[in-house]
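Participant: Right, I'll just put the structure down here and ask away after.
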Amino acid sequence: MALGTGPLFSLGLPLPLDRSGNLDTLAVTAERLGYDLFSLTDHPYGESAPEAYAALAYLLGRTTTISGYVGVTNLPLRPAPMLARTLSTLTALSGNRVVLGLGSGGFPDAIARMGVERLSPKQAVDAFEEAIVLIHELSGGGGRVSHREGHYQVTAIAPSAEPAPPIWTGSGGPRALAITGRLADGWIPPQGAGWDSTTYRDGIAIITDAAHAAGRDLSTFTTMFNVNGVLSASDLPSTRNPEGRWVGGSARQWVDQLTQALALPGRIGFNGAVTDESGAMSLELLDQFADEVMAPVRAAAPAAG
């Protein structure tokens, strides 16, 4: 099932993991309310943190139309050839309801504590580029794949018949951003960067230049902004904190700000956990957000771009 062409809305599912059934209830409710996707984070260092792909598989099995992704996959913890097989399996079993969010590994100390070899920043970005290439090569059929130089060593591996899912990266540095422009299908600006930030403007410029140099068309390239925030009863003094990160606001403020982002090039999406002013997420609040924010923003999309 392909994602729609309008603005995308994704529900960021909360941590920690427990046995309450809260995650499945939220995912099923998000599907009923018309969310396009749900997302999970990938930081399996604490005792209550989920293994992201086990949770993703379970939640895709509990739903039928909504897509899911790990935003972003902690690549050093998952060798690219096996990640390709995981994605092919999920794509087949879910009916194409998977996106690959991919990062090079932003918490090296925590990753090393999991027994994974520590990579230098350059090595991590090299492995990141190789992984995207390998995931494409090991998807969509074709001849056997061998890769004997660089970080990954594979020999005569038959690709899956399933196509590679869309790949959205969490790139922040110039090399990784250029790789995103050459090879990926979308970008998740890091650290909650907003559409009016220098992080976004500088990053999308690098992505665009690299894409054009590679002869790629970015008309369907997705930018997925992280917008964790409160849905308040009245306007807040500002929708962002002093560091520029989204904090939310009233429904009017959400609609006003998100609609402005629709004027940006490509396909725009918004991912986040929406809470009330006490910091709690509820099914009633998701319903309110769908009615008072998602619907007006979607209705404004043709006029915005």
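Under UniProt numbering, the first residue of the sequence shown is numbered 1, with each subsequent residue one higher. The C-beta atom is built at its ideal place from N, Cα and C for all residues, glycine as well. This one's a predicted model, so the numbers in the text were calculated from it and none came from an experiment.
#1: Does DSSP put T239 in a helix, a strand or coil?
#2: Between residue 350 and V293, which are expected to be in contact by the criterion C-beta below 8 Å, what is the C-beta distance as a whole number of angstroms?
#3: Name the DSSP bridge partner or partners of W168?
#4: Using DSSP with H/G/I as helix, E/B as strand and the rest coil, what is G272?
#5: Restricting to runs no shorter than 3 residues, where is the beta strand (DSSP E) found entirely within the segment 18-61?
#6: Establish whether the CB of L60 and some CB of chain B are separated by less than 8 Å.
#7: Classify L83 as helix, strand or coil using the three-state DSSP reduction.
#8: Does the separation of the CB atoms of W195 and W168 fall below 8 Å?
#9: Please look up how many angstroms separate the CB atoms of F38 and A27, rounded, as I've assumed it's under 8 Å.
#10: Pop quiz: L87 and V98 are said to be a contact at Cβ under 8 Å. What is the actual Cβ separation, rounded to whole angstroms?
#11: Which ranges does the beta strand (DSSP E) cover as unbroken runs of at least 3 residues, wholly within the segment 114-158, from first to last along the chain?
#12: Here's the rule I'm using: 16 or more other beta-carbon atoms within 10 Å means buried, otherwise exposed. How should D109 be labelled?
#13: Output yes or no for whether 8 Å exceeds the beta carbon distance between I132 and L183.
#14: From which residue to which residue does the beta strand (DSSP E) around L8 run?
#15: Entirely within the segment 208-267 and at least 4 residues each: give me those alpha helix (DSSP H) ranges in chain order.
#16: For G68, list the residues DSSP reports as bridge partners.
#17: Determine whether the beta carbon atoms of P237 and I206 lie at a separation below 8 Å.
#18: Would you mind sorting L77 into buried or exposed? The rule is 16 or more other CB atoms within 10 Å of its CB.
#19: Taking 8 Å as the limit between beta carbons, can you name the residues of its chain near I135, skipping five residues before and five after?
#20: Indicate the three-state DSSP secondary structure (helix, strand or coil) for T73 in the structure shown.
#21: Do G181 and N226 have their C-beta atoms within less than 8 Å of each other?
#22: I'd like the list of long-range same chain contacts for A124, defined as Cβ closer than 6 Å, with 5 residues on each side in sequence excluded.
#23: Would you decide whether P190 is buried or exposed? Buried here means 16 or more other CB atoms lie within 10 Å of its CB.
#24: Closest to A3 by C-alpha separation, out of T65, G142, E130, A193, would be which residue?
#25: Where A210 and A178 are concerned, what is the direct C-alpha to C-alpha distance, given to the nearest angstrom?
#26: Excluding the five sequence neighbours on either side, which residues of its own chain have a C-beta within less than 6 Å of the C-beta of G170, listed in chain order?
#27: Would F107 be called buried (16 or more neighbouring beta carbons within 10 Å of its own) or exposed?
Facilitator: Result, derived from the coordinates:
#1: coil
#2: Here the chain has residues from 1 to 305 only, and residue 350 is not among them.
#3: G101, G186
#4: strand
#5: 37-40
#6: This model lacks chain B altogether, as it is built from one protein chain only.
#7: helix
#8: no
#9: 5 Å
#10: 6 Å
#11: 145-147, 154-157
#12: exposed
#13: yes
#14: 8-12
#15: 251-261
#16: F38, V98
#17: no
#18: buried
#19: A80, L83, A84, L87, L100, A164, I167
#20: strand
#21: no
#22: S104, G105
#23: buried
#24: It is Leu, not Ala, that sits at residue 3 in the sequence shown. Closest by alpha carbon: T65.
#25: 5 Å
#26: V72, G103, I188, P190
#27: exposed
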